[in-house]
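Taking it in order: structure first as C-alpha cells, then the write-up.
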Amino acid sequence: MFTKEIYTKRRKKLKQAVGSGMILMPGNTDVPFNYMENKYPFRQDSTFLYFWGLDRPGLVSLIDIDEDREYLFGNDIDLDDIVWMGNQPTLEQLASMSGVGHWYPLKTIKETVEHCSKPGKSLHLLPQYRAENLIFLTKLLGKAAWEINNQASRELIDAIVDLRSVKEKEEISEIELALTTTRQMHLTAMKMATPGTHERLIVGAIEGVAVAGGGQLAYPPVVSIDGQILHNYNYQNLLKKGKLLVIDAGAETKSHYASDITRTLPVGGAFSSRQKEIYEIVLNAEKKVIEAIRPGVPFRDLHILASSTIAEGLRNLHIMKGNLEDAVTQGAHALFFPCGIGHMMGLDVHDMENLGEDYVGYDCKTERSSQFGLSALRLARELQCGFTVTVEPGIYFIPLLIEQWRQEGRFKDYINYEKAETYFDFGGIRIEDNVLVTQETSRILGDPIPKSVNEIEKTMAGAG
Ligand code: GLY
Ligand code: MN
Ligand code: MN
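Numbering (my numbering), first residue to last: 3 to 466.
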C-alpha cells in the first residue's frame, strides 16, 4: 500500500466533492469456491483499496462528512484464527496504516450508523456487485437488495469517477510495474507459440509469470487460435501452423494495479502474406489512435478514427467497398470491428466499471450510441491529462455474423460478402497497448513489447 498520507488526502478530496452526509463503503469478504474453507483468492474492492489501501477481507468503512469523522470496522482475530492464519495486524494497526481516527468491532457498526444518522442526512452508498455485501447492507439498513442498488448515490459515484480517472504518479508507477511482468508474460508466449503446443500450456506459463511477478493475472486471459471469439476462455485447442494466436493477457501488481496487453502471433513464427495484410491494417489503426491521443479529444472520435482506418484497409483488400465515410457512419465496418477501441484502466482492468459503465465513460455531452459496434464503446468522453486508457483495435472474421448479415442483405453497398467469406478460416487480430494521456500528448506505458511483424517474427525466432 502507499503511505497513509495518500489515502488521507484522497478521502479529504472525496469529502469535499460529496459535500455532506455519510459514506458507507464495505470492503470485500472472502467468497467460497465450493465450500467455506476453500475460497476464491481474495480480491479487495478497488474503490475500497483506493481510499483505504487495506487489502484484507471483512472491513467496512464509514465517513461522517458533516462531523469530519472516519471509521473503520472489522474484527481482530483470536488465538484459534492464529493457528490457521498466522498473526495478523490488529484493527488498530490497520486503521493507523490508513490514517483512520476511529476503529471498532464490526458488530458495533449498526449503532454507529444509527448514532450518526439524522433526519434529512444522506447515506451515500455505491452500487454493489457482490452478493455478500448486498446481504450485509440489507441487514444493516433494513432495506431490500433492489432498493440498495437503485438508491446508489450519484454524487458519490461522480466524485469517485472524477478522482480515480486522473492517475497520480504513484499509480502510474504501479501500472508500469504491472507492465514489466506483462511484458515477460508476452515474451514467454512468443517463445511457446509453436505447432503442436496446446493453448492451455501457454495459459499456465503466463499465469506462472504473473504470480512470480508478485501479483496475479488481472483478468482471465484470452489465449486462442479462435481469436474471432472476443472472450474465448476455452484454451483446449492445439496450435497449428498457419493459424493466428491471440494473446490478451495482463498482470496486476501486489497492490492490484492492472495492465491489459494484446499481441497476435503467427503460430510457428512467420506471418503469411494474407495475415500480414490484415495485421498491418490493425497496427496502422493502433498507431494512428495513439498518435491522436491528447487532452480534450473525445475518445469516441478516436474510435471513429480506428474504424475509418480499418474500413480503408479492408477496402484496399476488396473486403469492403463504396463510400467509406457513409459506411463508417452507418456502422458497416462493425462487421469486422464489433467492439470499442478501448477503455479506462487502473485498479480495475476496466476501471470503475462496477460503478456503472456510462458514469465512467460518458457524460452530459456524450451519449451512448445504440448502433451495433459503437454501442460497445466503453469510453467515449473527452480525454484528460492523467487518464490511462487502452487502445485495442482489431479485425475479426466471425463466420456466423458474416453469414447472418449477408442473408439479411445488410450493407450490400459496403461489404463484399464473397471476398469476406474467403476469410472464414482466418480468426482475428487484436493489438492492445496501455496509454497515459499527458499534458500535451500521450505516452505508451511500459517498455516496448514486440509489435511490428518484424519484431514479432524475430522474437519468435529467438532473436528478439
Ligand atoms: N482484456 C480485456 C480487454 O481487453 O478489454
Ligand atoms: Mn485486453
Ligand atoms: Mn482492454
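We put the CB at the ideal spot given by N, CA and C, even for glycine. Predicted model, so just to flag it, every value in this text is computed and none were measured.
Check: residue i C-beta below 7 angstroms from any heavy atom of ligand 1
{"i": "Y73", "result": "no"}
{"i": "T392", "result": "yes"}
{"i": "D70", "result": "no"}
{"i": "D303", "result": "no"}
{"i": "V351", "result": "yes"}
{"i": "Y221", "result": "yes"}
Reference residue i, options the options, closest by Cα
{"i": "I162", "options": "T49, C387, S22, L142", "result": "T49"}
{"i": "V168", "options": "H320, G244, L438, R370", "result": "L438"}
{"i": "T255", "options": "N239, S274, G216, Y235", "result": "G216"}
{"i": "I343", "options": "L96, Q230, V284", "result": "V284"}
{"i": "G375", "options": "L51, L349, T390, L337", "result": "L337"}
{"i": "K253", "options": "T92, I458, R408, D350", "result": "In the sequence under discussion, the amino acid at residue 253 is Ala, which differs from the Lys named in the question. Checked all of T92, I458, R408, D350; the closest Cα to A253 is D350."}
{"i": "A287", "options": "K11, D435, K460", "result": "D435"}
{"i": "G210", "options": "H188, R383, S226", "result": "H188"}
{"i": "N418", "options": "K323, R383, M347", "result": "K323"}
{"i": "F413", "options": "A294, L326, A308", "result": "L326"}
{"i": "I79", "options": "Q95, I404, D70, L64", "result": "Q95"}
{"i": "R383", "options": "V393, R370, P395", "result": "R370"}
{"i": "Y425", "options": "W407, F399, C366, M38", "result": "F399"}
{"i": "A313", "options": "T331, L128, F301, P300", "result": "T331"}
{"i": "L219", "options": "I8, F44, L16", "result": "F44"}
{"i": "A133", "options": "I458, T182, P28, S63", "result": "P28"}
{"i": "R185", "options": "L203, A260, N239", "result": "A260"}
{"i": "R13", "options": "P300, Q46, M462, Y52", "result": "Y52"}
{"i": "E405", "options": "V393, T390, V391, K421", "result": "K421"}
{"i": "Y361", "options": "Q90, E113, L165, E116", "result": "L165"}
{"i": "I433", "options": "P91, G363, I280", "result": "I280"}
{"i": "S274", "options": "N456, K290, N152", "result": "N456"}
{"i": "I251", "options": "H233, I84, Q238", "result": "First, the residue type needs correcting, since residue 251 is Ala and not Ile in the sequence shown. Nearest C-alpha to A251: H233."}
{"i": "N239", "options": "I208, E170, A195, G298", "result": "A195"}
{"i": "V299", "options": "C118, T440, P34", "result": "T440"}
Residue i to residue j span [Cα, whole Å]
{"i": "A111", "j": "L125", "result": "The identity of residue 111 in the sequence shown is Ile, whereas the question assumes Ala. Distance between the alpha carbons of I111 and L125: 14 angstroms."}
{"i": "V224", "j": "G103", "result": "44 angstroms"}
{"i": "E355", "j": "D262", "result": "15 angstroms"}
{"i": "R265", "j": "N30", "result": "33 angstroms"}
{"i": "L373", "j": "H335", "result": "The sequence given here places Gln at residue 373; Leu does not occur at that position. Each residue's Cα considered, the two are about 12 angstroms apart."}
{"i": "L26", "j": "D228", "result": "44 angstroms"}
{"i": "R380", "j": "R317", "result": "27 angstroms"}
{"i": "T443", "j": "R296", "result": "4 angstroms"}
{"i": "S22", "j": "I65", "result": "10 angstroms"}
{"i": "S226", "j": "L61", "result": "39 angstroms"}
{"i": "L158", "j": "L241", "result": "48 angstroms"}
{"i": "W86", "j": "K41", "result": "14 angstroms"}
{"i": "P268", "j": "E7", "result": "48 angstroms"}
{"i": "F75", "j": "K171", "result": "30 angstroms"}
Cβ-heavy atom distance, residue i to ligand 2, below 7 angstroms
{"i": "D262", "result": "yes"}
{"i": "E279", "result": "no"}
{"i": "D228", "result": "no"}
{"i": "D250", "result": "yes"}
Residue i CB to nearest heavy atom of ligand 3 below 7 angstroms
{"i": "E434", "result": "yes"}
{"i": "H345", "result": "yes"}
Cβ neighbour criterion (16 or more within 10 Å) applied to residue i
{"i": "K453", "result": "buried"}
{"i": "Q277", "result": "buried"}
{"i": "H320", "result": "exposed"}
{"i": "R156", "result": "exposed"}
{"i": "M346", "result": "buried"}
{"i": "K109", "result": "exposed"}
{"i": "W148", "result": "exposed"}
{"i": "V248", "result": "buried"}
{"i": "E39", "result": "exposed"}
{"i": "H352", "result": "buried"}
{"i": "T305", "result": "For clarity, residue 305 is His in the given sequence; the question names Thr instead. With 16 or more Cβ atoms within 10 Å of its Cβ, H305 is classed as buried."}
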